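Everything below concerns the one structure shown next.
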Amino acid sequence: MVNTAAEKVKVDPRDAKLSMAHFFVAFAALAIGGLMGLLQTLVRSGKYELPGGIGYYEILTAHGVMMGLVLTTFFIMGFQYAAVCRTAGTPTNAARRTGWIGFWTMVVGTAMAATMILLNKATVLYTFYAPLQAHWIFYLGMTLVVVGSWIDGAAQIMTYIKWRRSNPGKPSPLLSFMAVVNTLLWIVATLGVAATVLFQLLPWSLGLVKTVNVLVSRTLFWYFGHPLVYFWLLPAYMCWYAIIPKIIGGKIFSDSLARMSFILFLIFSIPVGFHHQLMEPGIDSAWKFIQVILTFMVVIPSLMTAFSLFATFERYGRSKGAIGLFGWFKVLPWNDARFTVPFIGMASFIPAGAGGIVNASNQMDQVVHNTIWVTGHFHLTAATSVVLTFFGISYWLVPHLTGRKLTKAMNKLAIIQGWVWFICMVFMSGAMHFEGLLGAPRRSAFSTYGGAKQAVEWIPYQIAQAVGGSILFMGIILVLIIFINLAFFAPKGDEEFPVGEAENSQETVPMVFENWKLWLGITAILILFAYTVPFIDIIQNAPPGSKGFKTW
Amino acid sequence: MHMHKYEKIWLIFGIGSLVFFLSTIGVSAFYLGNKPPSCLTTVNPDKVDQEKPFNQPGLHKVEGKDWDYELVFVASTFNYNPGEVKIPLGAKVKIIATTKDVIHGFEVAGTDINMMLEPGYVSEYTKTFNKTGEYLVVCNEYCGAGHHLMTSKIEVVK
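For the protein sequence lines, the chains are A and B, in the order given. Each residue of the first sequence is one higher than the one before, starting from 452 at the first, in this note's numbering. Each residue of the second sequence is one higher than the one before, starting from 6 at the first, in this note's numbering.
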C-alpha cells in the first residue's frame, strides 16, 4: 500500500543545508577538474601547448584529485547523508554537528592539497607514486580529506543506529542500509591509504625518516585503490536499485537480493588490490592469481544487479501493456531526465564492466596495463556510469533540498546533457580503448617518440580524444548551468525524493543482513587471507629503501 | 529468501562462465607458464651500475639456459640504457630490467611485454621475437616531467 504521508516526507532543512554544502564543493571540483581534463586532451592532440610554463602533469594531478577524490567523496557523502535522513529520519543534533565537522575537515584538507598542486609542489598524480616525493602539506591535506570523510560517515551511522534502536527486530530502510554498507566499505578500504600516508609518506616527506619502502606503499595504496571504485559505484547502485523503480512508477524487484548484492560488494571489493599490481616485481604470481579470483567474485553481485534492474523495467513495461520481447523498452519514460540520464550511465556499465574483466585477467592485462585503454575504461565506468548517475540524482535531489522544482526546461536541458555526455564518450573513451590496444601509454603528454612509426599511428586517436574532450566540456558547462539553476533560480515548489518499494512487501527481509559483526568479520578474514603472507614476503624480502625524488 | 527462477538460471549461467573463465586463466598461467612478469630478486637501487648484470646493459648471448639471449635494461629518469638494440629474428630473449631512481614502466608497444620497474626490484620476462621490424619501448608509468620523452627501440633483424 502506498503511504501518502510518506510521499511528502522531506529532508529536514537543517540537514538539507549540510547536503547542499557538500554539493557546492563537489560541483566546484567538477568545474576545475573538467577544465583540466579539457586542457589535457588538447595538449595530447599535439595542436596546443599550455601557457605560462604550466606542466602537463601538474594539471593531470589536479584533474585526478579533483575528479577522483574531491567530486566523488563530497557528492557521495552529501547524497548518502540526505538518503539516510530521508529514510531513517532526522538525525540528532549531535549527528548533524558530526556531519559538519567532517565536512569542514574535508574542505580544509582539499584546500591544502589543491594549493600544493597549484604551486607545483605535488605533481605526483593522485596515486602518489613514491619515491616521487610531494610536499608534506599535500599528504596532510589528503589525510584530512580521508579523516573528514570518516567523521562524515559517522554521522550517517549514528542516524542508522538511532533508527535501529527505535525499531528493534525490523530491517532498516533499504537506502539507509545501502548507505551504511558503502560507508563501512569506505572506512575499511581507506585504512590502507591512511596507513601509508601516516606511517610512510608523511614522516618521509617531513625528513623524519630518510627512505621509503616503495612496494609497501604501493600495496597499501592499491588495497584502498580498488575498493575506491566500488565506493563510487555503490551510490549509483543505490539509485538504480532503489530510486529508479519509483521514478518509472515500478517496484523494486527484490529488497533482500539488493541487500545481498551490497553485502557481496563489501566482502569482495577489498581483498583484491593485487590485480592493479599484476605487472609488478616482488609479489609472487600465485598470490596475484588468488586476488584475480577474488576480483572476479564481484561479477556475481553485478549480474544480480543487472537482472534486478532489467526485471524492474520489463515488469513495468508489461504492466503498461507492452508486448513482444523488447516492447517494454519503448514505454520507459525517456522524456524524464531523472530516468534517462542514469539509464545512459547504467547502459555504459555493460561495455565498461567487460573492459574491467580484461584488465583484471593475468595475461590480457599484459597487453593493456598502463596503456590509455585503462583511461578509456575508467572514463566509461567512473566518468560515465557513476558520474551520469550522480548528475541524474542531483537533478531531483538539489531542488528537493532547496525547496524548488525541476522545471520542464531544465528537464529538457538535462536530457540533452546526458546525450551530449554519451556522444563525447563514444569519441573519447572509444578512441582511448583502440589507441591502448595499439600500445599508447596512459598518463603521458604529447610525444612523437623521436618520430617512431608506431607513435605516428596513435595521433589520429588523440585528435579524436580532443574532439570528445571538447564536447565533454560542453556537457560539464550544461551540468553547471542546471545545478546553479536548481540551487538558486528554479521556481519554488516541492520536488519529490523518490524512494522505491519492494514488489513483494509480504516477504520478510532476513535480519542476518544487518549482522555487521558477521560481515565485517568475513571481510577481515578475507583481507587477512589475501594479504598476510604476501605482505610478510614484501617486508622480509625488501630491498634498501628509496630516498625521495622530485622529477617535475 | 525467495529467488526468481529466471534469476537462478541467469546466476548459474553467470557463475558457470566465471568458473570456466578463471580456469582458462589459471591453466594458462600455471600449466602453460603464461604468468605475469614477476620476480622476487632485489638489488640496491643506489648501486645498480656496479651490480651484475646491470653493469653491462645490452644484449648478451648465453649458453646452457632455456633462452638464447639476455637483454639487460637499466632505466633512469628519463632514459633507457641501451637506447637502441638489435635482436636476431627467432631469438628467445630473457629481458632483465631495473630502475636506478623512481618507478618506470617498460612496455614494448603493441606486444605483451609490459612490466613495472620499481627501485630495488628486478623485473624479468622471457619472449621469443618471431617477427622482424621496429618496436618502440615506452615508459608507461609516470616518472616526472620528461616521462613522455623516455623511450628506446628494439629492432628485430634477420
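Beta carbons: idealized from backbone N, C-alpha and C, even for Gly. These figures come from a predicted structure and were not determined experimentally.
For residue i, count neighbouring C-beta atoms within 10 Å of its own C-beta (all shown protein chains included) and say buried if the count is 16 or more, exposed if not.
{"i": "A:TRP785", "result": "exposed"}
{"i": "B:LEU94", "result": "exposed"}
{"i": "B:HIS65", "result": "exposed"}
{"i": "B:GLU68", "result": "exposed"}
{"i": "B:GLU139", "result": "exposed"}
{"i": "A:HIS677", "result": "buried"}
{"i": "A:SER617", "result": "exposed"}
{"i": "B:VAL24", "result": "exposed"}
{"i": "B:ASN135", "result": "exposed"}
{"i": "A:VAL453", "result": "Its pLDDT being 42, under 50, A:VAL453 is placed unreliably in this model, and the value from its coordinates should be taken loosely. The residue is exposed, with fewer than 16 neighbouring Cβ atoms inside 10 Å."}
{"i": "A:VAL960", "result": "buried"}
{"i": "A:ALA811", "result": "buried"}
{"i": "B:GLU123", "result": "buried"}
With respect to the beta strand (DSSP E) encompassing residue i, which residues constitute its N-terminal and C-terminal limits?
{"i": "B:PRO93", "result": "89-93"}
{"i": "A:PHE682", "result": "Premise fails: A:PHE682 lies in the alpha helix (DSSP H), 665-689, not in any beta strand (DSSP E)."}
{"i": "B:SER81", "result": "74-81"}
{"i": "A:PHE589", "result": "A:PHE589 -> not in any beta strand (DSSP E); alpha helix (DSSP H) instead, spanning 587-617."}
{"i": "B:MET120", "result": "119-122"}
{"i": "B:GLY110", "result": "109-113"}
{"i": "B:ALA103", "result": "Checking the sequence, you will find Thr at residue 103 of chain B rather than Ala. Looking at the DSSP string, the run of the beta strand (DSSP E) that includes B:THR103 is 97-104."}
{"i": "A:LEU489", "result": "Premise fails: A:LEU489 lies in the alpha helix (DSSP H), 464-495, not in any beta strand (DSSP E)."}
{"i": "B:SER128", "result": "128-133"}
Residues of chain C with CB under 8 angstroms from residue i, in chain order?
{"i": "B:LYS136", "result": "Considering every chain present, this structure includes no chain C. Its protein chains are A and B."}
Does the beta-carbon distance from residue i to residue j come in below 8 angstroms?
{"i": "A:LEU511", "j": "A:GLY484", "result": "no"}
{"i": "A:THR1048", "j": "A:VAL723", "result": "This structure does not reach residue 1048 of chain A, given that chain A is present from 452 up to 1003, and the question cannot be answered."}
{"i": "A:GLY658", "j": "A:LEU576", "result": "no"}
{"i": "A:MET748", "j": "A:ALA534", "result": "no"}
{"i": "A:TYR900", "j": "B:THR156", "result": "yes"}
{"i": "A:ILE922", "j": "A:PHE885", "result": "no"}
{"i": "A:SER656", "j": "A:TRP587", "result": "yes"}
{"i": "A:ILE973", "j": "A:MET861", "result": "no"}
{"i": "A:ILE602", "j": "A:THR556", "result": "yes"}
{"i": "A:THR840", "j": "A:GLY890", "result": "no"}
{"i": "B:GLU146", "j": "B:LYS99", "result": "no"}
{"i": "A:PRO686", "j": "A:PHE530", "result": "yes"}
{"i": "A:PHE478", "j": "A:LEU931", "result": "yes"}
Mind checking which residues open and close the alpha helix (DSSP H) that includes residue i?
{"i": "B:VAL162", "result": "Counting along the chain, B:VAL162 falls outside any alpha helix (DSSP H), though it belongs to the beta strand (DSSP E) covering 156-162."}
{"i": "A:ALA993", "result": "Unbroken run through A:ALA993: none, as it is neither H nor E."}
{"i": "B:TYR11", "result": "10-35"}
{"i": "A:ALA757", "result": "750-770"}
{"i": "A:ASN862", "result": "859-888"}
{"i": "A:ARG789", "result": "788-810"}
{"i": "B:HIS3", "result": "Because residue 3 of chain B is not part of the residues shown, which for chain B are 6 to 163, the question remains open."}
In this structure, how does DSSP classify residue i when only helix, strand and coil are distinguished?
{"i": "A:THR1002", "result": "coil"}
{"i": "A:TYR580", "result": "coil"}
{"i": "B:LEU45", "result": "coil"}
{"i": "B:ASN84", "result": "strand"}
{"i": "B:HIS65", "result": "strand"}
{"i": "A:LYS697", "result": "helix"}
{"i": "B:LYS136", "result": "coil"}
{"i": "A:ALA953", "result": "strand"}
{"i": "A:GLY984", "result": "Going by the sequence as given, residue 984 of chain A is Val instead of Gly. Looking at A:VAL984 - three-state DSSP - the assignment turns out to be helix."}
{"i": "A:VAL559", "result": "helix"}
{"i": "A:ILE973", "result": "helix"}
{"i": "A:ARG894", "result": "coil"}
{"i": "A:ILE935", "result": "helix"}
{"i": "A:SER997", "result": "strand"}
{"i": "A:VAL660", "result": "coil"}
{"i": "B:LYS70", "result": "coil"}
{"i": "A:VAL520", "result": "Just to set this straight, residue 520 of chain A is Leu in the shown sequence, not Val. It is helical."}
{"i": "B:GLU53", "result": "The sequence shown places Val at residue 53 of chain B, rather than the Glu named in the question. Reduced to three states, the DSSP call for B:VAL53 is helix."}
{"i": "A:VAL723", "result": "coil"}
{"i": "A:LYS943", "result": "strand"}
If we count Cβ pairs, one from each stretch, closer than 8 angstroms, do we get three or more for the stretch 942-950 of chain A versus the stretch 844-856 of chain A? The stretch 942-950 of chain A, when compared against the stretch 844-856 of chain A, does touch it at the 8 angstroms Cβ threshold.
On the three-pair Cβ rule with 8 angstroms, is the stretch 586-603 of chain A touching the stretch 552-560 of chain A? Yes, the stretch 586-603 of chain A touches the stretch 552-560 of chain A.
Determine contact between the stretch 683-698 of chain A and the stretch 72-92 of chain B, defined as no fewer than three beta-carbon pairs at a distance below 8 angstroms. Between the stretch 683-698 of chain A and the stretch 72-92 of chain B there are fewer than three inter-stretch CB-CB distances shorter than 8 angstroms, so the stretches are not counted as touching.
Say whether the stretch 632-648 of chain A touches the stretch 672-681 of chain A, bearing in mind that this needs 3 or more beta-carbon pairs closer than 8 angstroms, one atom from each stretch. They touch, by the three-pair rule.
Just checking, does the stretch 978-987 of chain A make contact with the stretch 729-740 of chain A on the three C-beta pairs under 8 angstroms criterion? Verdict: yes, contact present.
The stretch 773-790 of chain A in contact with the stretch 815-828 of chain A per 3-pair CB rule at 8 angstroms: The answer is no - the stretch 815-828 of chain A does not touch the stretch 773-790 of chain A, with fewer than three Cβ pairs under 8 angstroms.
Taking contact to mean at least 3 C-beta pairs separated by less than 8 angstroms, is the stretch 457-477 of chain A in contact with the stretch 502-509 of chain A? With a cut-off of 8 angstroms, the stretch 502-509 of chain A and the stretch 457-477 of chain A do not count as touching, because too few Cβ pairs lie within range.
How do the stretch 947-957 of chain A and the stretch 911-922 of chain A stand: do at least 3 beta-carbon pairs fall below 8 angstroms, yes or no? Counting Cβ pairs under 8 angstroms, fewer than three are found: no touch.
Are the stretch 24-33 of chain B and the stretch 705-718 of chain A touching by the rule of at least three beta carbon pairs closer than 8 angstroms? The stretch 24-33 of chain B vs the stretch 705-718 of chain A: no contact.
Do the stretch 661-675 of chain A and the stretch 765-773 of chain A make contact, defined as three or more Cβ pairs closer than 8 angstroms? The answer is no - the stretch 765-773 of chain A does not touch the stretch 661-675 of chain A, with fewer than three Cβ pairs under 8 angstroms.
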